[in-house]
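If you're matching positions, the sequence shown starts at 306 in this note's numbering and goes up one per residue. For glycine and all other residues, C-beta sits at the position ideal for the given N, C-alpha and C. First comes the structure, then the notes that go with it.
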Amino acid sequence: MHANGEGNRAPSNYLPAKSGDQMNDTDESVAGYESVKKATATTRHEGEPNLGTRTYARVVDSLLLKGAIVGDRALVRTDSQAQARLRVCFYLAPNYLVSDFSGGQYAYEGWLRTLNALFRLVVHLANRNVLELETLMAARTAHWQLSDLALSFHIGDIIDSLYQAGAMLAEVEKMQSSVAAQSHPTAPKPADSTTSPSVQPPAPRPPPTVRFSEDVLAHLSRVRAAHGGLIPSSPQMQLSLRHWFGLALDYLIRDYMSGIPDGGLGWAHGLLALIFVISIMHKGGVLELDTVAFAGAAVKNCVAWARFRQIKSLTPRLQLAVSKLLEVYDADDSTRYKGATVPVNLAVKLDYA
306 MHANGEGNRA PSNYLPAKSG DQMNDTDESV AGYESVKKAT ATTRHEGEPN
356 LGTRTYARVV DSLLLKGAIV GDRALVRTDS QAQARLRVCF YLAPNYLVSD
406 FSGGQYAYEG WLRTLNALFR LVVHLANRNV LELETLMAAR TAHWQLSDLA
456 LSFHIGDIID SLYQAGAMLA EVEKMQSSVA AQSHPTAPKP ADSTTSPSVQ
506 PPAPRPPPTV RFSEDVLAHL SRVRAAHGGL IPSSPQMQLS LRHWFGLALD
556 YLIRDYMSGI PDGGLGWAHG LLALIFVISI MHKGGVLELD TVAFAGAAVK
606 NCVAWARFRQ IKSLTPRLQL AVSKLLEVYD ADDSTRYKGA TVPVNLAVKL
656 DYA
């Protein structure tokens with residue numbers, strides 16, 4: 306098994322961590338490991354309330370530490386499965402901001418430390434030239450959503466932290482653009498001439514005058530036109546769908562807050578259109594678990610925001626979105642898809658109307 310005589314060497318998809326917490330070209334994996342380990346520490350300090358296992362820090366602990374993404378041997382995994390777990394952590398961040406902020410100082414501070422640690426891990430992955438495009442998109446989408454939520458909920462003390470994270474992500478995007486220009490094995494491959502550009506991830510940051518439904522339906526129409534009236538089920542198309550789900554909360558906030566007539570109702574049509582597409586993919590047996598997790602996180606985060614804002618007109622449409630999405634889950638277990646656990650629990654409350 307260790308024919309090269311290096312039995313103690315970490316596998317190639319791990320980054321060995323050393324002691325210290327200074328981030329540089331050779332030690333970025335150290336800082337990432339230590340950041341996550343400290344941020345998700347479950348040791349309770351004197352006077353700290355028992356927060357149970359439902360805080361963001363505890364969830365990340367379960368997904369990353371117990372999932373051996375980072376662990377006692379001071380290794381940071383960088384393979385696709387590890388990055389998929391990291392993406393789930395980003396998708397869950399907006400929903401846990403609401404609950405942890407309401408849960409008191411310890412829960413909220415744990416949320417903030419954990420999020421900052423996750424952003425640092427993205428930088429470390431980029432420095433190692435192993436950051437996947439989906440992971441960068443998940444981090445950027447979470448950053449957009451959290452910035453809007455912080456403004457909506459008047460949580461001023463995380464704005465500085467998000468500003469710094471935004472600057473880090475901007476640098477990462479520059480690095481990724483440079484890597485993509487060279488044929489790096491972890492960079493996304495350019496589309497061939499037979500692939501329609503319409504299935505590429507859409508441009509970020511929706512303009513405040515455009516409804517979610519308009520953008521989603523226009524995107525799906527372009528895809529159908531390029532594929533004989535059909536929606537392809539390729540990994541590239543599912544990446545595009547996951548990106549749209551990631552933008553759902555951002556659009557909801559903008560559509561509702563920008564004064565667009567019936568903005569929330571128009572937004573719901575876009576969300577239901579996306580769920581309809583993944584339902585078709587599910588029936589065809591091609592839907593990926595990661596896409597289900599994206600959809601679940603989007604619906605749950607949007608329900609949390611609608612509940613906070615008491616948007617009663619959205620209740621029946623959100624109920625429909627939840628029920629249609631649950632049809633994709635395993636019939637005998639609403640927490641699983643094809644036997645695999647979906648990281649997002651769709652047991653959401655819609656009793657605020």
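Residue i and residue j look like a contact to me (Cβ under 8 Å); what is the Cβ gap, rounded to whole Å?
{"i": "V633", "j": "S584", "result": "6 Å"}
{"i": "L630", "j": "A600", "result": "6 Å"}
{"i": "V477", "j": "L436", "result": "7 Å"}
{"i": "L623", "j": "V608", "result": "5 Å"}
{"i": "A387", "j": "L420", "result": "That pair is no contact at about 18 Å."}
{"i": "T596", "j": "Q543", "result": "5 Å"}
{"i": "A598", "j": "Y396", "result": "7 Å"}
{"i": "Q410", "j": "D555", "result": "The pair is not a contact, with the Cβ atoms about 28 Å apart (cut-off 8 Å)."}
{"i": "A412", "j": "T360", "result": "5 Å"}
{"i": "T659", "j": "L454", "result": "For the chain, the structure presents residues 306 to 658; residue 659 sits outside this window and is missing."}
Within a Cβ cutoff of 6 Å, which residues of the same chain sit near residue i, ignoring the five residues on either side of it in sequence?
{"i": "V582", "result": "I536"}
{"i": "T446", "result": "G551"}
{"i": "A603", "result": "F550 and A553"}
{"i": "E414", "result": "none"}
{"i": "R547", "result": "T596 and F599"}
{"i": "M586", "result": "S538 and L592"}
Could you confirm whether any beta carbon from chain C is found closer than 7 Å to the beta carbon of residue i?
{"i": "D462", "result": "The question asks about chain C, but that chain is absent: this structure has only one protein chain."}
Leaving out five residues on either side along the sequence, give the residues of the same chain with a beta carbon under 8 Å from the beta carbon of residue i.
{"i": "L474", "result": "F424, V427, L441, A444, R445 and H448"}
{"i": "R641", "result": "Y634, D635 and V647"}
{"i": "L417", "result": "I463 and S466"}
{"i": "K643", "result": "L594 and D635"}
{"i": "D638", "result": "none"}
{"i": "G471", "result": "H448 and S452"}
Give every residue of the same chain whose Cβ lies closer than 7 Å to the Cβ of residue i, excluding the five residues on either side of it in the sequence, and list them in chain order.
{"i": "K605", "result": "N400, V649, L651 and V653"}
{"i": "A645", "result": "L594"}
{"i": "S385", "result": "E437"}
{"i": "G589", "result": "S538"}
{"i": "I460", "result": "F406"}
Mapping DSSP to helix, strand and coil, what is residue i?
{"i": "A645", "result": "strand"}
{"i": "D635", "result": "strand"}
{"i": "R382", "result": "strand"}
{"i": "N650", "result": "coil"}
{"i": "H532", "result": "coil"}
{"i": "S539", "result": "coil"}
{"i": "R527", "result": "helix"}
{"i": "R516", "result": "coil"}
{"i": "R359", "result": "coil"}
{"i": "T640", "result": "coil"}
{"i": "T500", "result": "Bear in mind that the predicted position of T500 carries a pLDDT of just 35, short of 50, making it unreliable; the figure below should be weighed with that in mind. DSSP places T500 in coil when its eight states are reduced to three."}
For this session: Can you check the region 583-621 for any alpha helix (DSSP H) of at least 4 residues that lies completely inside it and give the ranges in chain order?
Result: Those alpha helix (DSSP H) runs which fall completely within the region 583-621 and span 4+ residues are 594-614.
For this session: Give, in chain order, every unbroken run of the alpha helix (DSSP H) that is at least 4 residues long and sits entirely within the region 408-462.
Result: Here the runs fully enclosed are 410-432 and 438-457.
Exercise. Taking one C-beta from the region 403-416 and one from the region 614-624 each time, how about it: are there three or more such pairs within less than 8 Å?
Worked result: In the pairwise beta carbon analysis, the region 403-416 is classified as not touching the region 614-624: fewer than three pairs are separated by under 8 Å.
Exercise. Are the region 517-525 and the region 573-580 touching by the rule of at least three beta carbon pairs closer than 8 Å?
Worked result: Inter-segment contact for the region 517-525 and the region 573-580 is present: three or more beta-carbon pairs are separated by less than 8 Å.
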